[in-house]
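*Asks:* For reference, the structure I am asking about is given below.
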Amino acid sequence: MVEVSVTKKYGERTVLDVDKLRFERGKVYAVMGSNGSGKSTFAGILAGVLKGDGEIIYDGKKPETGYMPQKSFAFDMSLTANMLLGQPLRGRKAIRDKARRLLADFGLGEMSKKNAKKLSGGETQKLALARLMMEEHELLILDEPTAAMDVNAVEKAEKFLKDYFVRSRPAIVIVTHSPAQARRLADEVIFLDEGRVEEKGSVAEAFGNPRSDKLKKFLSVNG
Ligand SMILES: Nc1ncnc2c1ncn2[C@@H]1O[C@H](COP(=O)(O)OP(=O)(O)O)[C@@H](O)[C@H]1O
Ligand SMILES: [Mg+2]
Numbered sequence: 007m008v009e010v011s012v013t014k015k016y017g018e019r020t021v022l023d024v025d026k027l028r029f030e031r032g033k034v035y036a037v038m039g040s041n042g043s044g045k046s047t048f049a050g051i052l053a054g055v056l057k058g059d060g061e062i063i064y065d066g067k068k069p070e071t072g073y074m075p076q077k078s079f080a081f082d083m084s085l086t087a088n089m090l091l092g093q094p095l096r097g098r099k100a101i102r103d104k105a106r107r108l109l110a111d112f113g114l115g116e117m118s119k120k121n122a123k124k125l126s127g128g129e130t131q132k133l134a135l136a137r138l139m140m141e142e143h144e145l146l147i148l149d150e151p152t153a154a155m156d157v158n159a160v161e162k163a164e165k166f167l168k169d170y171f172v173r174s175r176p177a178i179v180i181v182t183h184s185p186a187q188a189r190r191l192a193d194e195v196i197f198l199d200e201g202r203v204e205e206k207g208s209v210a211e212a213f214g215n216p217r218s219d220k221l222k223k224f225l226s227v228n229g
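Here the sequence shown is numbered in this note's numbering, starting from 7 and rising by one per residue.
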């Protein structure tokens, strides 16, 4: 569906250099790597909010894309208003019902009138995920979407992501530090090191029999 060949430099330093990375609908891709390995840069470029050198090629038209940045944000208004931002004014009832349902799913129903700026980091991530799920996307890019959530919230968020995946069959690209989360959600792993693809393959291959010493080390430390 989409093939990415890009480099990104800050000053003289190349922080991303990937060639012909392909993403298909109906698959979940875990992007992993140490701090500073270029994961967020990659996610931002794929989402179109960062500019790199190179090309992103689509088979056919550009996919409907949803993006949750690593620093997920909320607007200075109620949770409900956040959910309804950008939604059409027509069909208001159905849309409001959907927003209410999603907030309830994520355990935010009780605070739907609260100002979203007052949410904790984990709650803000829940709201950002819930908001993404207001729409069907063909490509969903999630940059450490559950990093600030507690274990119960992570479990729920993963369940809703799985349900969403089954319904819409998007390509999901999820940046995560957790091999356990990658095992639970992903088909493929892309392990970045200093902006390059150090290892790529199915979760079973990459975790069961890693070729790269750096990935072996990463797995031994991160469980
Ligand atoms: N705006 C910027 N200016 C300069 N360097 C940056 C900028 N954004 C990111 N970097 C650097 O690029 C590298 C990759 O960053 P990032 O993609 O955020 O890594 P990751 O998400 O894997 O932790 C890091 O070394 C980071 O310091
Ligand atoms: Mg990052």
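Don't be surprised by glycine CBs; every beta carbon is placed ideally from N, CA and C.
With a Cβ-Cβ cutoff of 8 Å, do G44 and L22 count as a contact?
*Replies:* Their beta carbons are under 8 Å apart, which means G44 touches L22 by this criterion.
*Asks:* From F171 to M7, what does the alpha carbon distance come to, in whole angstroms?
*Replies:* Computed Cα separation, rounded: 16 Å.
*Asks:* Cα separation between S11 and G50?
*Replies:* Straight-line Cα distance between these residues: approximately 14 Å.
*Asks:* Could you check what DSSP says for S84 in three-state terms: helix, strand or coil?
*Replies:* Of the three classes helix, strand and coil, the one that applies to S84 here is strand, per DSSP.
*Asks:* To the nearest angstrom, how far is it from the Cα of G201 to the Cα of I101?
*Replies:* Answer to the nearest angstrom: the Cα atoms are 40 Å apart.
*Asks:* Taking the straight line between their C-alpha atoms, what separation do you get for A212 and Q187?
*Replies:* The alpha-carbon atoms of A212 and Q187 are separated by roughly 14 Å.
*Asks:* Any chance the CB of G229 is under 7 Å from a heavy atom of ligand 1?
*Replies:* False, no ligand heavy atom lies under 7 Å from that Cβ.
*Asks:* Mind checking whether A192 and A36 have CB atoms under 8 Å apart?
*Replies:* Going by C-beta atoms, A192 is nearer than 8 Å to A36.
*Asks:* Touch check for the region 69 to 86 and the region 116 to 136: three-plus C-beta pairs under 8 Å?
*Replies:* The region 69 to 86 vs the region 116 to 136: in contact.
*Asks:* Quick check: M140 and Q76, are their CB atoms within less than 8 Å of each other?
*Replies:* Their beta carbons are not under 8 Å apart, which means M140 does not touch Q76 by this criterion.
*Asks:* Where does the unbroken beta strand (DSSP E) through S208 begin, and where does it stop?
*Replies:* Unbroken beta strand (DSSP E) run through S208: 202 to 208.
*Asks:* At a threshold of 7 Å, does V203 count as lining ligand 1 (C-beta to nearest heavy atom)?
*Replies:* Answer for V203: no, Cβ out of range of ligand 1.
*Asks:* Taking all protein chains shown into account, do 16 or more other C-beta atoms lie within 10 angstroms of the C-beta of G229, making it buried, or fewer, making it exposed?
*Replies:* So G229 counts as exposed.
*Asks:* Comparing the CB of S46 with every heavy atom of ligand 2, is any distance shorter than 7 Å?
*Replies:* Within the cutoff, so yes.
*Asks:* So V23 is in the beta strand (DSSP E); what residue range does that whole segment cover?
*Replies:* In the sequence on display, residue 23 carries Asp and not Val. Segment 19 to 29, the beta strand (DSSP E) holding D23.
*Asks:* Got a sec, what are the start and stop residues for the alpha helix (DSSP H) S226 sits in?
*Replies:* Segment 219 to 228, the alpha helix (DSSP H) holding S226.
*Asks:* CB of D149 to nearest heavy atom of ligand 2: below 7 Å?
*Replies:* Answer for D149: yes, Cβ within range of ligand 2.
*Asks:* What does the alpha-carbon distance come out to for the pair N158 and S218?
*Replies:* Between N158 and S218, the C-alpha separation is close to 33 Å.
*Asks:* Measuring from the CB of V21, is there a heavy atom of ligand 2 at a distance below 7 Å?
*Replies:* Flag unset: Cβ of V21 not near ligand 2.
*Asks:* Could you check whether the Cβ of Y16 sits closer than 7 Å to any heavy atom belonging to ligand 1?
*Replies:* Yes, ligand 1 has a heavy atom inside 7 Å of this Cβ.
*Asks:* Pick helix, strand or coil for S11, following the three-state DSSP scheme.
*Replies:* Three-state DSSP puts S11 in a strand.
*Asks:* Roughly how far, in whole angstroms, is the beta-carbon of P176 from the beta-carbon of L146, given that I think they are within contact range, below 8 Å?
*Replies:* At roughly 5 Å, the Cβ-Cβ gap stays under 8 Å, so P176 and L146 are in contact.
*Asks:* Please confirm whether any heavy atom of ligand 1 lies closer than 7 Å to the CB of G128.
*Replies:* Not so, every heavy atom of ligand 1 lies at least 7 Å from the Cβ.
*Asks:* From the DSSP output, in three-state form, read off T152 for me.
*Replies:* Note: T152 maps to coil in three-state DSSP.
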